[in-house]
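Read the structure below first, then the notes.
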Amino acid sequence: MSLFATDPAWHVRLVCLVALFCGASLSLAQDEAGPLLHSVNLDPFGKFVMTWTPREDDILIELQVATRGYVGIGFSPSGLMKGADIILGWVDEAGDAHVSDRYGTGNRTPMMDVSQDVVLVGGGRNASHTIVRFRRPWVTCDDVHDVPLTSDTVRVIYAYDDQIPAPGFLSLPYHDGRGVKSLILKDHVHLTYLGPQDQDALHWDVRAPGVLIPSNFSTLYWCKLYKLPELQQKHHYIGYAPLVSEASAGLVHHALLYECHLSPSALLDAWVQELGAQCYTPNMPLSWRACNTPLVSWAVGSQGMMLPSHVGTPLGETYKGSTYYMLEIHYNNPQKVPNVRDSSGLRIFYTPKLRKYDTGTLVIGHGVDPTQVIPPRRPSWLSLGHCSAQCTAQSVPKDGVRILAGAFHAHTIASRMALHHIRDGRQLPTYLQDQLYDFNFQQERVMSQEQTLLPGDHLIVSCTYDSSGRSQPTFGGFGAGDEMCLAYLTYYPRLPLSDCYSKPKLDDVLGALGVQEIYDAEEFKKDPFGEPFSVDMIDRAQEASLAKIMKESASAGSPSMDLSMSWYLHRMKIKLPYRLQNQSVLELLYDESFWQDALRVQALQKVYAEGDFLSDCLNSGRQPVSQVPTEDTFPRYKVFVPREDACISNEIDFTRNIRVAGHGNLAMQKNGGAANFLPTYIFTITFLQISLASLTCLVERALKIV
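According to mature numbering (1 follows the signal peptide of the UniProt record, and there is no 0), the sequence shown holds residues -29 to -1, 1 to 677 in order.
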């Protein structure tokens, strides 16, 4: 299981390891000494630990590696050495620490960077380990060989060897260990372990009941209901850790724990002792649709999360929380591995020491729906999900709520995600985005500055997909091969609001596809995937029948079926135009020649990128917020334009000497004569540094002037 994130003993071991070097060459300034904020094992054996603290202007990094040779990390857009921004460190035989700023050109010794932007802070080694600590600016102004470090996911490559480099080395010994791991470096991702003030916190383990993962299809969503341990007073949920079973670690894609809000509660209590059912199928009781407010949203790559110390989520219906919860686990088994049972789940931390504010979670984005279509072979395709101004106007109080954390969720072809915040016809600065989204690393982000959501604000989740490796279209759906476009926002104070989704109008999608009319159009315009819920919809006889099926099941995981939403498009038969009559919409989309029509593809992109939409605005228990229309229009607003690159200035002064601030002096001479300097001009750059490319441009201009 994955309890690494919450094991305080592990952090004690780190401190002890650092203590081995006290009195050695680790002589650090006060603001650069002591344990760093975040830590992670980069390799699976615990031999390469990276710790770091994000600061205002730079990042402080320490590498703790089980070797006496060289250690190295790199920031790589692709996860490969080619194009990576690499930092090597080692401690020589005299005990002196070294760091070297380099760049990768392929699977060979990294080249020395002419712009050395890494500063050694300290280092040392003992009989088994090497430690090197250094700092690196966020903005280096070296756009030739340095990778920008932003709030995006960073693919960190690492390597180490038992030998140190030779003096003046041109090549390195081939490394013994290497790998890659995605991390968030710049955002203040909150602690993934309990702080000192919460060491006496209680915990509740919510585990899957030994689910047999199917081997005849790749995707299974399994749901089961649980009841909170009995509480005699109000408690706050303060964080969680994933509990991933070792045998099924590669098959567990995500786990969500939803609050269930339904009266009478006996309708939920009846299911607590049962093994559960396959989610989102006829075998799932309708009463479970009342479970729609996430308490925890874990996905692959996340180490868990502890809430900041001023907030917590109330537990128990008596205390404006929930007493019943539904665990949803998504299993992804593309290799169809047989005979795997899973008991993964979540460890829920809670405390009677109440925090100042009650938190809630709001899920926004594109509804999970097969009418979200992504064409094949497209390096960039945009889908948007809206939380409309009319929804927030009816559900958010006049003083607003404070957004403190967020997490994106999409699948394998998503490449970029962003949350856009619109207020009074203007886009606010973007505070949650990931331009290098990694399906295998979905860690929550606590924002360095909380953001206010006011009534009437409009939120847009923007998802960009790269389908260039696919020969068939991709649809919205639950499978890892399908796609999603969602954001989970943690905020306070807590509201009834839970879900805020959108999807394009069906007529607009069909029109872009060249379909004029389908059979049973009104039936298909009903929303089978996201319609509101009420207790009056529950058929007690049907619920009793489903309970009987659960009791007779040999184990959790059966009965189950292939959960593909494309059947919906297969049932949708075309009536007009006549040349397509009786063909299904799915057949049309699977016709490879269809995607050769550039105008058709452009029209479809316009529907998803700037079209009007259908809106779902739901409170806990899947109750619709009153007075919010189900149809809405794309908002018109002024786009926020970030400030210009801090490394480049448009201000140029002319004087008699060539001098570029921060880059030494340049002199030009003609015919080799020591005294024959040409008349020259100075370019004074207002910022401290400029990029190498900009410097080249300025020198070329100087030559032309001369």
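Even glycine gets a Cβ: it sits at the ideal position worked out from N, Cα and C.
Same chain only: Cβ atoms within 6 angstroms of residue i, ignoring 5 sequence neighbours per side
i, result
"threonine 604", "Asp583"
"glycine 316", "Val177, Arg178, Ala179 and Leu214"
"serine 71", "Leu59"
"valine 125", "Phe46, Leu154 and Leu156"
"serine 142", "Thr80"
"leucine 540", "Pro341, Val556 and Leu557"
"arginine 441", "Pro347"
"arginine 149", "Ala130"
Start and end residues, beta strand (DSSP E) containing residue i
i, result
"leucine 317", "316 to 322"
"arginine 104", "101 to 108"
"isoleucine 300", "295 to 303"
"methionine 388", "385 to 394"
"lysine 53", "Here lysine 53 belongs to no beta strand (DSSP E), and DSSP marks it neither H nor E."
"leucine 585", "584 to 590"
"tyrosine 290", "Premise fails: tyrosine 290 is in no beta strand (DSSP E) and is neither H nor E."
"glutamate 421", "416 to 424"
Check whether residue i and residue j have beta carbons under 8 angstroms apart
i, j, result
"threonine 271", "asparagine 411", "A small fix is needed here, since residue 271 is valine in this sequence, not threonine. Yes, the Cβ-Cβ distance between valine 271 and asparagine 411 is below 8 angstroms."
"isoleucine 57", "glycine 45", "yes"
"glycine 181", "serine 10", "no"
"valine 103", "leucine 154", "no"
"serine 258", "leucine 238", "yes"
"lysine 195", "leucine 298", "yes"
"proline 426", "valine 578", "no"
"leucine 457", "valine 334", "yes"
"glutamate 421", "methionine 276", "no"
"serine 469", "histidine 357", "no"
"glycine 338", "tyrosine 459", "no"
"residue 695", "cysteine 112", "Since the first residue shown for the chain is -29 and the last is 677, residue 695 is missing from the structure and cannot be characterised."
"valine 372", "proline 235", "no"
"residue 680", "serine 359", "A query on residue 680 cannot be resolved here, the shown segment of the chain reaching from -29 to 677 and no further."
"tyrosine 561", "glutamine 398", "no"
"alanine 381", "tyrosine 408", "yes"
"leucine 199", "alanine 527", "no"
Other residues of its chain near residue i: CB distance less than 7 angstroms, five sequence neighbours each side excluded
i, result
"arginine 260", "Phe504 and Arg593"
"asparagine 303", "Ser189, Thr190, Leu222, His224 and Ala451"
"tyrosine 251", "Tyr192, Phe449 and Leu534"
"lysine 546", "Glu488, Ile489, Tyr490 and Gln552"
"glycine 644", "Model confidence at glycine 644 stands at a pLDDT of 36, short of 50, so the residue's coordinates are unreliable and nothing is read from them."
"proline 350", "Asp437 and Ser439"
"asparagine 590", "Pro467, Leu468, Ser469 and Val596"
"methionine 508", "Leu257"
"alanine 37", "Lys18, Ser99 and His100"
"glutamate 581", "Phe605"
Bounding residues of the alpha helix (DSSP H) (the contiguous stretch that carries residue i)
i, result
"aspartate 29", "Counting along the chain, aspartate 29 falls outside any alpha helix (DSSP H), though it belongs to the beta strand (DSSP E) covering 29 to 36."
"residue 683", "It is not possible to answer for residue 683, since the shown part of the chain is limited to -29 through 677."
"glycine 482", "477 to 483"
"aspartate 56", "Where aspartate 56 is concerned, there is no enclosing alpha helix (DSSP H), although the beta strand (DSSP E) it sits in stretches over 56 to 62."
"isoleucine 44", "Unbroken run through isoleucine 44 is the beta strand (DSSP E), 42 to 47; no alpha helix (DSSP H)."
"tryptophan 259", "No alpha helix (DSSP H) holds tryptophan 259; DSSP gives it neither H nor E."
"alanine 515", "511 to 523"
"arginine 542", "538 to 542"
Residue environment, residue i, which counts as buried when at least 16 other CB atoms sit within 10 Å
i, result
"glutamate 217", "exposed"
"asparagine 263", "buried"
"phenylalanine 19", "buried"
"asparagine 187", "exposed"
"phenylalanine 320", "buried"
"phenylalanine 379", "buried"
"residue 689", "This structure cannot settle anything about residue 689, because the visible part of the chain is limited to -29 through 677."
"phenylalanine 611", "exposed"
"histidine 301", "buried"
"arginine 73", "buried"
"glycine 5", "exposed"
"proline 530", "exposed"
"proline 136", "buried"
"glutamine 274", "buried"
"glutamine 244", "exposed"
Neighbourhood of residue i by C-beta, 8 angstroms cutoff - its chain only, sequence neighbours within 5 removed
i, result
"aspartate 510", "Leu257"
"glycine 77", "Met52 and Lys53"
Cβ-heavy atom distance, residue i to the ligand HEM, below 7 angstroms
i, result
"valine 20", "Only the bare structure without any ligand can be found here, which leaves the ligand HEM out of the picture."
Touch test, the segment 116 to 127 against the segment 79 to 98, Cβ-Cβ under 8 angstroms, three pairs minimum: yes
Contact the segment 372 to 391 vs the segment 431 to 449: 3+ CB pairs below 8 angstroms: yes
Cβ contact (3+ pairs, closer than 8 angstroms) linking the segment 331 to 349 and the segment 560 to 569: Proximity of the segment 331 to 349 to the segment 560 to 569 meets the contact definition, three or more beta-carbon pairs being nearer than 8 angstroms.
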